[in-house]
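Residue numbers (my numbering): 134 to 259. Ideal Cβ placement from N, Cα and C applies to all residues, glycine included. Written below as structure tokens is the structure these notes are about.
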């Protein structure tokens, strides 16, 4: 409810939800590609450190950090993918709701045109 005590209505535009999903999907694809390129470069850099005594531990630490970062990127990708799925589901729900309202309005219009609604009851249902 809003501050005035009236219930606010949420306006959903299915086309906008689809745009958001497409934009998010593009970001997800870009993020995955960027990580794949960065991972290859960073792995090559770790390999370039060699296996000398002083660099072996450093290379291992970098490799562990890369694995951890990979898990973070995978988790973010999964969360974003779920968000995209939610946007698509919301758009489909909005379209179904719009269709249901349109069908009900059409039905009521036909009933009025046919005069089958009759006299509507007054206050209190009488």
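Cβ-based burial, residue 244 [other Cβ within 10 Å; buried from 16]: Start at 1 with the first residue of the chain shown, and residue 244 comes out as number 111. When all chains shown are included, residue 244 counts as exposed.
query: Mind checking whether residue 157 and residue 220 have CB atoms under 9 Å apart?
result: For this step, residue 157 is matched to residue 24 along the chain shown. For this step, residue 220 is matched to residue 87 along the chain shown. Yes, these two residues count as a Cβ contact at 9 Å.
- request: Count the other CB atoms, across all protein chains shown, that sit within 10 Å of the CB of residue 239; report buried if there are 16 or more and exposed otherwise.
  value: By 1-based counting over the chain shown, the position of residue 239 is 106. It is exposed - the Cβ of residue 239 has fewer than 16 other Cβ atoms within 10 Å.
message: Between which residues of its own chain and residue 203 is the CB-CB distance below 8 Å, once the five residues before and five after are set aside?
response: Your numbering for residue 203 matches position 70 in the chain shown. Once the five neighbours on either side are set aside, the close Cβ partners of residue 203 are 168 and 172.
task: Decide if residue 154 is buried, meaning its Cβ has at least 16 other Cβ atoms within 10 Å, or exposed.
output: Here residue 154 is taken as the residue at index 21 of the chain shown, counted from 1. Burial call: buried.
task: Would you mind working out which of 148, 147 and 164 sits nearest residue 207, comparing C-alpha positions?
output: The sequence position of residue 207 within the chain shown is 74, counting from 1. For the residues 148, 147 and 164, the minimum Cα distance to residue 207 belongs to 164.
message: Using the three-state DSSP reduction, which class does residue 185 fall into: helix, strand or coil?
response: Translated into positions along the chain shown, residue 185 becomes position 52. Coil.
- prompt: Rounded to a whole number of angstroms, what is the C-alpha to C-alpha distance between residue 189 and residue 161?
  reply: Counted from its first residue, the chain shown places residue 189 at position 56. Counted from its first residue, the chain shown places residue 161 at position 28. One C-alpha to the other measures close to 34 Å.
message: Taking the straight line between their C-alpha atoms, what separation do you get for residue 159 and residue 223?
response: To locate residue 159, count along the chain shown from 1; it is residue 26. To locate residue 223, count along the chain shown from 1; it is residue 90. Rounded to the nearest angstrom, the two C-alpha atoms are 19 Å apart.
query: By Cβ distance, which residues of its chain are closer than 7 Å to residue 176, with the 5 residues on each side in sequence left out?
result: On the chain shown, position 43 is the one that residue 176 refers to. Excluding positions up to five away in sequence, the list reads 199.
message: Distance check for residue 193 and residue 187, CA to CA, integer angstroms please.
response: Taking the chain shown and counting its residues from 1, one reaches residue 187 at position 54. Taking the chain shown and counting its residues from 1, one reaches residue 193 at position 60. Take the alpha-carbon of residue 187 and the one of residue 193: they are about 11 Å apart.
message: According to DSSP, simplified to helix, strand and coil, what is residue 216?
response: By 1-based counting over the chain shown, the position of residue 216 is 83. Three-state result, residue 216: helix.
query: Which of the three DSSP states, helix, strand or coil, is assigned to residue 248?
result: Within the chain shown, residue 248 is the residue found at index 115, counting from 1. Coil, per DSSP.
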